[in-house]
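Numbering (our numbering), first residue to last: 31 to 547. Every residue gets a Cβ at the ideal spot worked out from N, C-alpha and C, and that includes glycine.
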């Protein structure tokens with residue numbers, strides 16, 4: 031009787047999910063999960079796209095997990111499946127080129143439910159579900175007067191998502207990327223194993239997963255380092271017309287990373303202004319109560335201006351000395367006179383600045399449009415060549431979005447992680463964060479991105495893509511260089527059927543169990 035009921039249930043399920051010629055494997059019927067598995071059109075449609083809006087791939091089903099064990103059961107089912115199917119973890123869906131999609135596979139909506147966090151005040155760390163958003167981590171830790179050390183510019187990203195890439199922002203020169211501020215992880219491997227890993231336990235897996243592009247495991251829990259949270263932030267922007275002076279000052283500022291807090295800034299970024307490009311953009315509020323100068327009145331070098339963006343964190347008790355300390359630091363910089371723009375605001379407001387501007391972008395129809403972004407790490411020795419060939423060459427006088435540029439210290443990155451950076455000690459982040467309001471703009475920006483990569487190749491500028499996107503394994507091998515052998519070996523060990531993160535297009539999934547790579 032029980033067997034008859036099972037066969038009837040299976041027949042009904044099969045009828046329901048054979049919509050569009052997609053059949054859910056029988057293994058999914060036996061999971062026994064706390065959460066839910068859905069084939070509803072609305073769920074599948076959401077999981078088919080991402081923030082980039084450049085590609086769509088429909089999964090056969092979407093899971094909203096109730097626990098880490100749910101994730102493990104699903105991946106184990108995929109690993110054991112005779113038919114074979116892929117699994118991708120999706121956080122807030124902020125990828126650009128479909129990295130979290132799973133064509134005819136299962137997408138795990140990691141941010142679908144809140145899991146709660148445990149803040150260890152005395153130990154100065156927090157345990158976080160992998161799908162939690164960083165904005166919620168901030169709110170939870172601030173309740174104890176603490177906050178994570180390293181951030182991204184946008185906080186509505188998942189913890190597991192940024193740790194699978196690196197997680198960078200203006201604090202990276204001091205604390206390293208977010209992956210350098212993790213004590214422990216719970217990870218589900220491509221075999222369905224649920225591992226706890228750290229520097230002392232499953233060490234190889236720990237470093238492989240950090241910056242591993244989701245290839246070796248799905249992060250279900252992360253233990254994040256904390257520090258005392260400041261109360262307020264002095265946010266300062268100064269302008270340059272000379273690229274050499276701009277980069278010299280940026281490099282000087284990040285060289286102070288080991289100095290006491292009173293002798294350095296807490297955040298160093300910058301961006302490029304190509305004539306008409308960023309004047310009205312979400313990162314360029316160039317109006318300061320103490321300085322009414324408008325950017326249009328300033329003379330630029332070959333049509334380009336550069337903005338250095340810096341901050342000093344402080345507590346309310348430091349208000350009497352903060353002005354003098356900042357003034358001493360600014361005297362060491364060679365920016366254009368009378369172009370100091372300042373804002374003073376709560377720490378939370380500074381960290382959440384991009385989200386606050388998101389509402390304005392949405393109201394203008396500039397948020398939910400294609401985003402052909404290009405993020406590069408450029409060696410310090412060639413950054414002037416990049417400026418001449420790209421900022422003053424390929425881009426012309428239209429940017430269609432912000433262009434960030436700021437340096438980092440390689441010594442702040444743990445070389446045991448899976449992230450690939452240039453060989454030089456100092457390298458620059460160049461992030462072209464453009465939006466395409468129509469098909470013509472999308473074609474133009476895509477063409478410009480290809481031109482930039484071709485220019486770097488032809489000029490011998492050994493850039494590395496951050497949030498990398500390639501279409502062939504040969505390109506991936508070139509990206510990893512002499513680290514490819516280790517990367518592919520780790521893939522074989524952690525995910526032999528290449529089930530995980532197939533949207534990255536690094537490895538072709540295997541439809542039958544095998545240990546052959």
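For residue i and residue j, what's the separation of their Cα atoms in angstroms?
i, j, result
"residue 412", "residue 89", "42 Å"
"residue 422", "residue 484", "16 Å"
"residue 507", "residue 378", "41 Å"
"residue 530", "residue 156", "27 Å"
"residue 272", "residue 418", "12 Å"
"residue 14", "residue 171", "With the chain represented from 31 up to 547, any question about residue 14 goes unanswered, as that position is not in the structure."
"residue 104", "residue 82", "27 Å"
"residue 397", "residue 231", "42 Å"
"residue 288", "residue 536", "38 Å"
"residue 463", "residue 59", "42 Å"
"residue 498", "residue 110", "30 Å"
"residue 193", "residue 304", "32 Å"
"residue 409", "residue 113", "45 Å"
"residue 250", "residue 490", "40 Å"
"residue 92", "residue 399", "24 Å"
"residue 450", "residue 302", "25 Å"
"residue 394", "residue 186", "20 Å"
"residue 334", "residue 300", "13 Å"
"residue 146", "residue 84", "33 Å"
"residue 69", "residue 56", "14 Å"
"residue 523", "residue 115", "18 Å"
"residue 277", "residue 284", "11 Å"
Relative to the C-alpha of residue i, which residue among the options is closest?
i, options, result
"residue 363", "235, 76, 350, 279", "279"
"residue 341", "84, 387, 294, 246", "294"
"residue 96", "142, 82, 225, 370", "142"
"residue 437", "217, 269, 202, 539", "202"
"residue 209", "92, 147, 124, 238", "238"
"residue 387", "250, 432, 115", "432"
"residue 94", "84, 79, 80, 74", "74"
"residue 366", "504, 443, 296, 275", "275"
"residue 259", "176, 219, 233", "176"
"residue 207", "515, 448, 468, 533", "448"
"residue 415", "401, 405, 458, 390", "458"
"residue 99", "403, 221, 402", "221"
"residue 290", "355, 56, 281", "355"
"residue 332", "376, 283, 277, 425", "425"
"residue 493", "405, 200, 478, 471", "405"
"residue 24", "160, 174, 140, 169", "Nothing about residue 24 can be reported from this structure: the residues present for the chain run from 31 to 547 only."
"residue 160", "199, 66, 248, 127", "248"
State the start and end residues of the unbroken beta strand (DSSP E) segment that holds residue i.
i, result
"residue 273", "Taken as a continuous stretch (DSSP letters only), residue 273 belongs to no beta strand (DSSP E), being part of the alpha helix (DSSP H) at 273-284."
"residue 216", "212-218"
"residue 334", "334-344"
"residue 438", "433-439"
Counting only the same chain and skipping the five closest in sequence on each side, list residues whose C-beta sits under 7 Å from that of residue i.
i, result
"residue 117", "104, 105, 108, 132, 135, 136, 138, 529, 530"
"residue 441", "455"
"residue 213", "155, 228, 253, 255"
"residue 86", "78, 79"
"residue 538", "528"
"residue 517", "448, 510"
"residue 465", "396, 399, 401, 430, 431"
Can you tell me where the alpha helix (DSSP H) holding residue i begins and where it ends?
i, result
"residue 479", "469-489"
"residue 536", "Looking at the DSSP string, residue 536 is not in any alpha helix (DSSP H), and its letter there is neither H nor E."
"residue 164", "164-172"
"residue 514", "514-524"
"residue 191", "189-193"
"residue 109", "98-110"
"residue 377", "377-381"
In its own chain, which residues sit with a C-beta less than 8 Å from the C-beta of residue i, not counting the 5 before and 5 after it?
i, result
"residue 211", "178, 179, 180, 205, 254, 255"
"residue 165", "185, 186, 382, 385"
So, residue i versus residue j, is the Cβ gap smaller than 9 Å?
i, j, result
"residue 246", "residue 520", "yes"
"residue 590", "residue 183", "Lying before the first or after the last residue shown, residue 590 is absent from the chain, which here runs from 31 to 547."
"residue 240", "residue 328", "no"
"residue 252", "residue 215", "yes"
"residue 162", "residue 151", "no"
"residue 242", "residue 129", "no"
"residue 292", "residue 374", "no"
"residue 262", "residue 343", "yes"
"residue 631", "residue 190", "A query on residue 631 cannot be resolved here, the shown segment of the chain reaching from 31 to 547 and no further."
"residue 223", "residue 102", "yes"
"residue 219", "residue 525", "yes"
"residue 4", "residue 188", "This structure leaves residue 4 out entirely; the chain is present only between 31 and 547."
"residue 380", "residue 496", "no"
What does a CB cutoff of less than 6 Å around residue i pick up in its chain, not counting 5 residues either side in sequence?
i, result
"residue 267", "337, 339, 371"
"residue 557", "Residue coverage of the chain in this structure runs from 31 to 547, which leaves residue 557 outside it and unanswerable."
"residue 514", "507"
Any beta carbon from chain D within less than 9 Å of residue i's own beta carbon?
i, result
"residue 266", "Any reference to chain D falls outside this structure, which holds one protein chain only."
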